[in-house]
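If you use numbering that gives the first Met the number 0, the sequence shown corresponds to residues 0 to 148, in order.
Ideal Cβ positions, reconstructed from N, Cα and C, are used throughout, including at glycine.
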Amino acid sequence: MAVMITNDIFSCFVFYSVLLVIKMYVIAIITGQVRLRKKAFANPEDALRHGGLQYHREDPYVERCRRAHVNDMENVLPFLFLGAIYSLTGPSLAVARLHFLVFFVGRVLHTIAYLLALRAPTRSLAYIVAQIPCLSMALQILTAVAAYA
0 MAVMITNDIF
10 SCFVFYSVLL
20 VIKMYVIAII
30 TGQVRLRKKA
40 FANPEDALRH
50 GGLQYHREDP
60 YVERCRRAHV
70 NDMENVLPFL
80 FLGAIYSLTG
90 PSLAVARLHF
100 LVFFVGRVLH
110 TIAYLLALRA
120 PTRSLAYIVA
130 QIPCLSMALQ
140 ILTAVAAYA
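In structure tokens form, the structure reads like this:
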């Protein structure tokens, strides 16, 4: 069964959303690989499998990767909600695409800054850039539904 998304705005939202979810999976894989390389396991059973309980420990870089992943969950999940609802409010395709693209680029830059420990305020600026379209979408959603409240 083929699924067709005929709404251009929603289709654009789905495209960027899937890219963001893939990016989150990549960070999860990176975190796991760093755990293996650094031999720093969160669970004793994993440490035992990979050499012993001495590897049931934290590692600063593993924690950095994990925090990048958690930060994505805290920011990408609200974007998925806001973007889906925003797509239903009838924005122009160009404006919607700009919102989705700016959020995506901001989150990619944030992840790169986090994983590579780039100098401050790189990560903070990327975070702010990604929050601007979310705030804009939230305000436009509220404006669109205010008449019905």
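_Whole angstroms are fine: how far does the CA of ALA146 sit from the CA of ILE127?_
Looking at the two C-alpha atoms, the distance is approximately 30 Å.
_Between which residues of its own chain and ALA27 is the CB-CB distance below 7 Å, once the five residues before and five after are set aside?_
HIS68
*Check whether the stretch 86-99 touches the stretch 116-124, taking contact to mean three or more Cβ pairs, one atom from each stretch, closer than 8 Å.*
no
*Assuming VAL61 and VAL33 form a contact by the criterion Cβ under 8 Å, report the distance between their Cβ atoms to the nearest whole angstrom.*
5 Å
*In the DSSP assignment, find the alpha helix (DSSP H) that holds GLY105 and state where it starts and stops.*
Where GLY105 is concerned, the enclosing alpha helix (DSSP H) stretches over 92-114.
*Would you mind giving the Cβ-Cβ distance between LEU19 and ARG106, rounded to the nearest angstrom? I have them listed as a contact below 8 Å.*
6 Å
*Since ASN42 is in the alpha helix (DSSP H), which residue starts that stretch and which ends it?*
Run containing ASN42: none; DSSP gives neither H nor E here.
*Would you mind stating whether ARG43 and LEU35 have Cβ atoms separated by less than 8 Å?*
For the sequence presented, residue 43 should be read as Pro rather than Arg. No.
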